[in-house]
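Number of protein chains: 4
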Amino acid sequence: MPKLGMEPIRRDALVNATIAEIGAAGSLDVTVSRIAKRAGMSSALAHHYFGGKEQIFLAAMRRILTDFGAEVRAELATAVPDQRAAAIIRASFAQSCFAPEKISAWMTFYVMAQNNPQALRLWRIYQRRMRSNLSHALRPLVADAAADAAVLAALIDGLYLRSALHDPETSQIATRQALAVLDMLLHAKARPVQ
Amino acid sequence: MPKLGMEPIRRDALVNATIAEIGAAGSLDVTVSRIAKRAGMSSALAHHYFGGKEQIFLAAMRRILTDFGAEVRAELATAVPDQRAAAIIRASFAQSCFAPEKISAWMTFYVMAQNNPQALRLWRIYQRRMRSNLSHALRPLVADAAADAAVLAALIDGLYLRSALHDPETSQIATRQALAVLDMLLHAKARPVQ
Amino acid sequence: MPKLGMEPIRRDALVNATIAEIGAAGSLDVTVSRIAKRAGMSSALAHHYFGGKEQIFLAAMRRILTDFGAEVRAELATAVPDQRAAAIIRASFAQSCFAPEKISAWMTFYVMAQNNPQALRLWRIYQRRMRSNLSHALRPLVADAAADAAVLAALIDGLYLRSALHDPETSQIATRQALAVLDMLLHAKARPVQ
Amino acid sequence: MPKLGMEPIRRDALVNATIAEIGAAGSLDVTVSRIAKRAGMSSALAHHYFGGKEQIFLAAMRRILTDFGAEVRAELATAVPDQRAAAIIRASFAQSCFAPEKISAWMTFYVMAQNNPQALRLWRIYQRRMRSNLSHALRPLVADAAADAAVLAALIDGLYLRSALHDPETSQIATRQALAVLDMLLHAKARPVQ
DNA sequence: AATGAATGAGGATTCATTCAT
DNA sequence: GATGAATGAATCCTCATTCAT
């Protein structure tokens, strides 16, 4: 039997290794060689599969985003209708999001998005999905769901940033803060948002 | 006696050049040589005055933070007491903050803070000042000024991040969104924040 | 499958080139680039195989020491028992030892041994072997072979130093001087050495 | 009063600082700036007085040699005639010779002498003086004073080298070994040296 | 006399990437 | 599919040295 279907396995190993190495290094200052070695292959093969370092990192980021999306969907699946927005917030500040490698990846991602169109596109997709999820969740409960979703999404990002730079413990505080604002939005009668 | 007092002039030129080059490159992927050349001197002199690339960037970031602090103070000076929080928000989303070089610098700064203690310290100082300013402004108006300040500060960062990655035009929207949340905080009667 | 087994070939070429370049320059003030170029490869490859300049030099010194050891063994193999010490002396002042590159390498080696633990270890190994060889050779002939070996070893180093700084011609004189002291040691009846 | 006669003072300070820095660094890898700073002046002034780094080091070496010469003369002055050679040996292994900065300076000196004519000349002067002193001391006591002086001088250098690379404690052993060889030379009846 | 200012030149090292096998 | 081999290009940093004042 020839080695069939090695490609997906290799790509997978590379993505995992990338995330792990970013975590270990605290930034994208990781050599392709290290990543490849951790993934158990030569750096040449890594290039063969991905074409270049940026593509490897992008694939890793795609995975992080996908995983996060799955977590959100899982939370959403079990949430009662009027707790759906809260569920999204909880997922956003879950421990898994504050793993050092995730934090470093996110920061790197933001920098990259300044220059790399693919990274920017990826970020926009994440944004849209986030807003869409929140919008859906808020639709039955508030007057202008889209506007409130935008605010909450931004707040989540901002709180994440802070929690990431302080110690991860503060993620619980961040959760409470975001939930409080959510609560406020839900009970505000008339708001001049946007 | 030799030529005297060049140091502050050179440091200044270097800081300016650094910010400009970061803007042009979109990241910290700028050589010390380029920065020095733009500042009209040799890279050796740049090293002489700052000791290394990171120190140069840190000095640039310090300048950005200082300038921002001055803008905030200026806005604060002319604001009527119960508009002080709004003034801070407006300063945060002023056009000057969305200059491409500022955005790139901020993103780089966040990445750097993951690993560089000096950068982290600098960021914490910025944070504290921001929160302190907001807290002062809110003290007479709300029950728990510290908590609301934390939320607003995070929201500002989050909105900035988004605006930065969308086109800067959205800064106006960001301003309105932040002001709306501020308004809400001011009129909320009882909130379970924190 | 890739080209294989280049490593030993490259390392070898690099070691040869290092010795040659040191000879040409008269000291270790040789760039890795020059060495690599002489060895027919890029400096990057040199670093790849050795890790750094010091390691390259250490490898070169190891080779010099190994070659010298081989010469000593060869002389020893053909010497009649009571001429073994003389054989070692002759090997020590052989023309091959006074090649300019060898001399420069030795001098550099001594300096390096002041600071570099690996170099110091290497030197100690050389020392021990030298003394051990002399000791063995003298054992049947003198009362305190170890002491006399130490004296002879030091004398050899000292005479080498001088010959190296005068012109290499003096190596013959050095040989005679060392043999004379050897002779004296062999005929001394009672000595208060050590 | 203008600053009169600063030159000798400055030169002196520089020479002291050079020796001290070499000791601290373990080699000649010392910047002129550091030396100058330790001597309490600018590096520009150091260049002004000496012309360049090599000259500074040469001056330092000259001082080391001069000091050593003085020590030898002092020992010689108090020694009874037939102990003069022993006195020279003792001076050569005095503690002052094994100060780390002296050792490092000597090693560096040997390397330098490979390429630098001035250094070589200086070394030759040291050699000649050493041999001359020993020769004088041995003249009344042995048949071929010049030959024995050469052997002793070489032995001293060789033993110094070893002691320097082992710990300085061994200087006492070195002294005894050299004295033993001296003793042997003094009592040997017929020797075929040279 | 003395120095801050300034630099040219260089040098070790790193790494993404390519290629022959 | 897979990799050891190989490198070009870049970058930070260092330092002896010069010069205007």
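Residue numbers (the numbering used here), protein chains in the order written: chain Y, 1 to 194; chain E, 1001 to 1194; chain S, 2001 to 2194; chain Z, 3001 to 3194.
We put the beta carbon where it would ideally sit given N, CA and C, even for glycine.
Every value quoted in this text rests on a predicted model; they were computed, and no experiment measured them.
Since Phe-1093 (chain E) contacts Ala-1174 (chain E) with CB under 8 Å, what's their CB separation in whole angstroms? Walking along the second sequence from the start, residue 1093 (chain E) turns up at place 93. Walking along the second sequence from the start, residue 1174 (chain E) turns up at place 174. That pair is a contact at about 5 Å.
Would you identify the three-state DSSP class for Pro-3224 (chain Z), choosing helix, strand or coil? Because chain Z is modelled from 3001 through 3194, residue 3224 (chain Z) falls outside the range shown and cannot be assessed.
Go through its chain and collect everything with a Cβ distance to Gln-1194 (chain E)'s Cβ below 6 Å, but skip five positions before and after it. The residue given as residue 1194 (chain E) occupies position 194 in the second sequence. With a pLDDT of only 46 at Gln-1194 (chain E), under 50, the local geometry of the prediction cannot be trusted, and the value read off the model is given with reservation. Excluding positions up to five away in sequence, the list reads Ala-1147.
Take every Cβ of the segment 2033-2040 of chain S, pair it with every Cβ of the segment 3122-3133 of chain Z, and state whether three or more of those distances are shorter than 8 Å. no
What is the DSSP secondary structure of His-1047 (chain E), reduced to helix, strand or coil? Mapped onto the second sequence, residue 1047 (chain E) falls at position 47. Helix, per DSSP.
Helix or strand or just coil, what does DSSP make of Asp-2196 (chain S)? Since the first residue of chain S shown is 2001 and the last is 2194, residue 2196 (chain S) is not available in this structure.
Whose C-alpha, out of E:Pro-1100, E:Ala-1178 and E:Leu-1185, is nearest the C-alpha of Ala-1025 (chain E)? Stepping through the second sequence from its first residue, residue 1025 (chain E) is reached at position 25. For the residues E:Pro-1100, E:Ala-1178 and E:Leu-1185, the minimum Cα distance to Ala-1025 (chain E) belongs to E:Pro-1100.
Residues near Pro-81 (chain Y) by beta carbon distance below 8 Å, same chain, minus five either side: For this step, residue 81 (chain Y) is matched to residue 81 along the first sequence. Once the five neighbours on either side are set aside, the close Cβ partners of Pro-81 (chain Y) are Pro-140.
Is there a Cβ of chain E sitting closer than 8 Å to that of Ala-154 (chain Y), yes or no? As a position in the first sequence, residue 154 (chain Y) is number 154, starting the count at 1. At least one chain E Cβ lies under 8 Å of Ala-154 (chain Y).
Does the Cβ of Lys-3102 (chain Z) have 16 or more other Cβ atoms within 10 Å, making it buried, or fewer, making it exposed? Residue numbering aside, residue 3102 (chain Z) sits at position 102 when the fourth sequence is read from its first letter. Per the 10 Å Cβ criterion, buried.
Return the residue from the list E:Arg-1176, E:Ala-1046, E:Ala-1059 and E:Ile-1156 that minimises the CA-CA distance to Ser-1033 (chain E). Position 33 of the second sequence, counted from the first residue, corresponds to residue 1033 (chain E). Looking at the Cα atoms, E:Ala-1046 is the closest of the given residues.
Quick check: Gln-3118 (chain Z) and Leu-3058 (chain Z), are their CB atoms within less than 8 Å of each other? For the purposes of this step, residue 3118 (chain Z) is taken as residue 118 along the fourth sequence, with counting starting at 1. For the purposes of this step, residue 3058 (chain Z) is taken as residue 58 along the fourth sequence, with counting starting at 1. Yes, these two residues count as a Cβ contact at 8 Å.
Could you pull the start and end residues of the alpha helix (DSSP H) that Gln-1177 (chain E) belongs to? Here residue 1177 (chain E) is taken as the residue at index 177 of the second sequence, counted from 1. Note, Gln-1177 (chain E): alpha helix (DSSP H), 1171-1187.
For Leu-3076 (chain Z), decide whether its Cβ has a neighbour in chain S, counting only Cβ atoms nearer than 8 Å. As a position in the fourth sequence, residue 3076 (chain Z) is number 76, starting the count at 1. By this cut-off, Leu-3076 (chain Z) is not an interface position.
Considering only C-alpha positions, which residue in the set E:Ser-1104, E:Ala-1086 and E:His-1187 is nearest to Leu-1152 (chain E)? Counting from 1 along the second sequence, the entry for residue 1152 (chain E) is found at position 152. Taking only the C-alpha atoms, the option nearest Leu-1152 (chain E) is E:Ala-1086.
6 Å CB neighbourhood of Glu-2071 (chain S) in its chain, flanking five on each side removed: Within the third sequence, residue 2071 (chain S) is the residue found at index 71, counting from 1. Ala-2091, listed in sequence order.
Hey, could you find the ends of the alpha helix (DSSP H) Asp-1148 (chain E) is sitting in? By one-based count along the second sequence, residue 1148 (chain E) stands at place 148. Note, Asp-1148 (chain E): alpha helix (DSSP H), 1145-1165.
Restricting to Cα atoms, I'd like to know which of Z:Ile-3056, Z:Ala-3105, Z:Met-3061 and Z:Leu-3155 is closest to Ile-3089 (chain Z). By 1-based counting over the fourth sequence, the position of residue 3089 (chain Z) is 89. Of Z:Ile-3056, Z:Ala-3105, Z:Met-3061 and Z:Leu-3155, the residue nearest in Cα terms is Z:Leu-3155.
Under a three-way DSSP split, which group does Ser-92 (chain Y) fall into? The count along the first sequence starts at 1 and reaches residue 92 (chain Y) at position 92. Ser-92 (chain Y): helix per DSSP, three-state reduction.
Environment of Leu-1004 (chain E) [buried if 16+ CB atoms lie within 10 Å]: Looking up residue 1004 (chain E) in the second sequence gives position 4. Exposed: under 16 other Cβ atoms inside 10 Å.
Taking only beta-carbon positions, decide if Gly-2023 (chain S) is within less than 8 Å of chain Z. Taking the first residue of the third sequence as position 1, residue 2023 (chain S) is located at position 23. For Gly-2023 (chain S), the answer is no, since every Cβ of chain Z falls outside 8 Å of its Cβ.
Around the Cβ of Ala-180 (chain Y), are there at least 16 other Cβ atoms within 10 angstroms (buried) or fewer (exposed)? Counting from one through the first sequence, the residue named residue 180 (chain Y) turns up at place 180. So Ala-180 (chain Y) ends up on the buried side.
Simplified DSSP state of Ala-3070 (chain Z), which is helix, strand or coil: Along the fourth sequence, one-based indexing puts residue 3070 (chain Z) at 70. Reduced to three states, the DSSP call for Ala-3070 (chain Z) is helix.
Are the Cβ atoms of Ala-1188 (chain E) and Met-6 (chain Y) separated by less than 8 Å? For the purposes of this step, residue 1188 (chain E) is taken as residue 188 along the second sequence, with counting starting at 1. For the purposes of this step, residue 6 (chain Y) is taken as residue 6 along the first sequence, with counting starting at 1. Cβ distance not < 8 Å, so Ala-1188 (chain E) and Met-6 (chain Y) don't count as in contact.
Nearest chain Z C-beta to Ile-2103 (chain S) closer than 8 Å, yes or no? Counted from its first residue, the third sequence places residue 2103 (chain S) at position 103. Closer than 8 Å: yes.
Test: Asp-2157 (chain S) CB closer than 8 Å to a CB of chain Z: Along the third sequence, one-based indexing puts residue 2157 (chain S) at 157. Closer than 8 Å to some Cβ of chain Z, the Cβ of Asp-2157 (chain S) qualifies, so yes.
Applying the 10 Å Cβ sphere with the 16-neighbour rule, what's the burial state of Gly-2052 (chain S)? As a first step, residue 2052 (chain S) is located in the third sequence; it is residue number 52 there, counting from the start. Flag for Gly-2052 (chain S) reads exposed.
For Phe-3068 (chain Z), the nearest candidate out of Z:Val-3142, Z:Asn-3133 and Z:Gln-3177 (CA to CA): The count along the fourth sequence starts at 1 and reaches residue 3068 (chain Z) at position 68. That would be Z:Asn-3133, whose Cα lies nearest to the Cα of Phe-3068 (chain Z).
If contact means a Cβ-Cβ distance below 8 Å, which residues of the segment 3049-3070 of chain Z contact chain S? none
Closest to Arg-3073 (chain Z) by C-alpha separation, out of Z:Arg-3124, Z:Ile-3056 and Z:Ala-3137, would be which residue? To locate residue 3073 (chain Z), count along the fourth sequence from 1; it is residue 73. Considering only alpha carbons, the answer is Z:Ala-3137.
Report the option in S:Ser-2171, S:Leu-2122 and S:Ile-2009 whose CA atom is closest to the CA atom of Ser-2096 (chain S). What you label residue 2096 (chain S) is simply residue 96 of the third sequence in a count that begins at 1. Ranking the options by Cα distance to Ser-2096 (chain S), first place goes to S:Ser-2171.
Might you give, ordered along the chain, the residues of its own chain that have their beta carbon closer than 6 Å to the beta carbon of Leu-65 (chain Y), omitting 5 neighbours on each side? On the first sequence, residue 65 (chain Y) is found 65 positions in, with the first residue counted as 1. Cβ within range, chain order: Tyr-126.
Name the chain S residues whose beta carbon is nearer than 9 Å to that of Leu-3165 (chain Z)? Position 165 of the fourth sequence, counted from the first residue, corresponds to residue 3165 (chain Z). Near Leu-3165 (chain Z) (Cβ distances below 9 Å), the residues of chain S are Tyr-2110, Ala-2113, Gln-2114, Leu-2120, Trp-2123, Arg-2124 and Gln-2127.
Interface residues of chain E around Leu-161 (chain Y) at Cβ under 8 Å? On the first sequence, position 161 is the one that residue 161 (chain Y) refers to. What Leu-161 (chain Y) touches in chain E: Tyr-1110, Ala-1154, Asp-1157, Gly-1158 and Leu-1161.
Simplified DSSP state of Arg-3063 (chain Z), which is helix, strand or coil: Reading the fourth sequence from its first residue, position 63 is the one you call residue 3063 (chain Z). Helix at Arg-3063 (chain Z).
Contacting residues, own chain, Cβ-Cβ under 8 Å from Ile-56 (chain Y) (five flanking each side not counted): Within the first sequence, the letter at position 56 stands for residue 56 (chain Y). Around Ile-56 (chain Y): Leu-14, Val-15, Thr-18, Val-32, Ile-35, Ala-46 and Phe-50.
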